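Asks: First the structure, then my questions, so here it is.
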Amino acid sequence: MKRITLLICLLLFTPVLRAAKQPNILFIFSDDHAYQAISAYSDGRLNKTPNIDRIANAGVRFDRCYVPNSICGPCRAAILTGKYSHKNGFLVNGNKFDGRQQTFPKLLQKVGYQTAVVGKWHLGEHMPPMGFDYAEVLIGQGPYYNPPMLKNGKRTKHIGYTTDIITDLALDWLKNKRAVDKPFMLMYQHKAPHRNWQPGPKHLNTYDDVTIPEPATLFDDYKGRGTPAKTQDMSIAKTMTLNDLKLVPPPRYFTPEQRNVWNAAYGPKNETFRKANLKGKELVRWKYQRYIKDYLRCIASVDDNVGRMLDYLKETGLTKNTVVIYCSDQGFYLGEHGWFDKRWIYEESLRTPFLVHWPSVTKPGTVNNDIVSPIDFASTFLEAAGAKVPNDIQGRSLV
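According to the UniProt record's numbering, the stretch in the sequence shown is residues 1 to 399, in order.
Have a look at this one:
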């Protein structure tokens with residue numbers, strides 16, 4: 001892969017600017033957020049994401065960012081280490097990440113950064129996240145409501161919607177817990193919009209009055225392709241569970257108030273569905289609408305909270321010296337080929353959104369078509385911070 005020379009085509013910064021002050025780094029990470037579901041990429045065909053779009057409008061939108069491994073944990077390990085899965089040892093979800101190895105947060109600490117991770121970790125609970133001055137992370141995948149978390153290795157409990165809680169905790173760290181005389185690197189990582197797509201209270205009825213466009217291949221017949229495509233286990237028609245489709249009661253860990261709000265939203269819609277007695281393609285179309293609307297509702301909450309974070313940076317003047325990145329751990333099928341989920345190396349799964357704003361460095365509204373990967377993030381962050389990039393890191397700096 002050719003080296004991306006952003007010095008020429010994107011960042012256009014000088015060594016003097018780089019050396020003047022180490023930038024803060026805010027890494028905003030979501031889970032399973034398809035590029036198709038960001039309006040900066042899609043012109044709003046499916047949904048509007050005005051706050052995420054703020055990053056693209058002020059900076060660079062990368063259109064060919066491909067993940068090294070289209071599954072949650074392995075991609076996260078690759079980002080931390082700058083190494084492919086066979087090198088960092090984290091091959092599949094359920095492995096235990098070896099936090100003793102070299103990671104870019106540890107290297108940033110050595111050049112004066114204060115580091116924190118808040119939200120989804122998904123690299124095992126066998127040891128606290130290493131390389132961070134502060135860590136409060138979900139246990140495993142974590143639920144959408146009332147998440148138990150691990151704060152520097154100790155269990156905590158929160159009541160509310162997880163996307164909101166992660167933002168509350170990240171903002172609290174920025175406001176009250178960090179050392180203001182040091183540059184920071186904050187990994188602000190959402191669980192949403194991962195399966196099973198449970199929307200927050202604010203957005204339970206968002207999109208009720210619209211029909212989301214169907215992808216052209218929703219009823220793909222897989223002609224000319226091998227048996228795996230025909231026999232996969234991630235089809236909207238056959239694989240989605242009653243839980244995915246919200247046709248069962250909400251989880252027992254909901255509070256009474258959360259349960260009442262949930263039932264008020266889904267009860268009437270589910271009753272209408274049951275009376276319709278849909279069959280065949282009409283049933284698949286209903287499943288697609290239920291799936292895609294819940295997925296987009298989860299993204300609406302992410303976008304709201306990204307807005308909260310960006311507003312705080314602006315209000316406090318931190319925007320001026322903060323590199324803001326938005327990315328996801330992989331893409332996702334939004335009905336293409338009749339599928340949901342990820343894993344398979346089709347464009348929708350392998351390609352992930354990647355947006356960067358570096359004030360006074362990136363040119364607003366830039367679109368870049370070079371092939372890049374999350375494997376490149378570690379060396380990029382290190383070089384931006386003025387740190388030496390170790391020779392064994394496999395990713396290439398985008399700076």
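Heads up, the beta-carbon is just placed ideally off N, CA and C, and yes, glycines get one too.
Here the structure is a predicted model, which is why all the values come from computation and not from measurement.
Check whether the Cβ atoms of A77 and L107 lie closer than 8 Å to each other.
Replies: no
Asks: By a C-beta neighbour count over all protein chains shown, 10 Å radius and 16 as the cutoff for buried, is T255 buried or exposed?
Replies: exposed
Asks: Any idea if V92 is buried or exposed, counting beta-carbon neighbours within 10 angstroms, 16 or more meaning buried?
Replies: exposed
Asks: If you follow the beta strand (DSSP E) that I25 is part of, which residue opens it and which one closes it?
Replies: N24 to S30
Asks: What are the boundary residues of the beta strand (DSSP E) that includes R61?
Replies: V60 to F62
Asks: Using the Cα positions of Y253 and T380, report the straight-line distance between them to the nearest angstrom.
Replies: So the two alpha carbons sit approximately 41 Å from each other.
Asks: Go through its chain and collect everything with a Cβ distance to D164's Cβ below 8 Å, but skip five positions before and after it.
Replies: G200, S301 and N305
Asks: Ignoring anything shorter than 3 residues or poking outside the stretch 169 to 199, list the beta strand (DSSP E) runs there in chain order.
Replies: 184 to 189
Asks: CA-CA distance, P193 and A135?
Replies: 21 Å
Asks: Just the C-alpha distance for I236 and W286, rounded to the nearest angstrom, thanks.
Replies: Per the coordinates, the alpha-carbon of I236 lies some 10 Å from the alpha-carbon of W286.
Asks: Comparing C-alpha positions only, which one of K21, I28, F62 and T49 sits nearest to N368?
Replies: F62
Asks: At a cut of 8 Å, does the stretch 22 to 37 reach the stretch 352 to 359 through at least three beta carbon pairs?
Replies: Here the stretch 22 to 37 makes contact with the stretch 352 to 359; the two share three or more CB pairs at distances below 8 Å.
Asks: In or out: G395 buried (at least 16 other Cβ within 10 Å) or exposed?
Replies: buried
Asks: Can you tell me where the beta strand (DSSP E) with R155 in it begins and where it stops?
Replies: Counting along the chain, the beta strand (DSSP E) containing R155 begins and ends at K154 to K157.
Asks: Do N196 and N270 have their CB atoms nearer than 8 Å?
Replies: No; because the gap between Cβ atoms is not below 8 Å, this pair is not in contact.
Asks: Give a yes or no on whether the C-beta atoms belonging to H158 and N176 are separated by under 8 Å.
Replies: no
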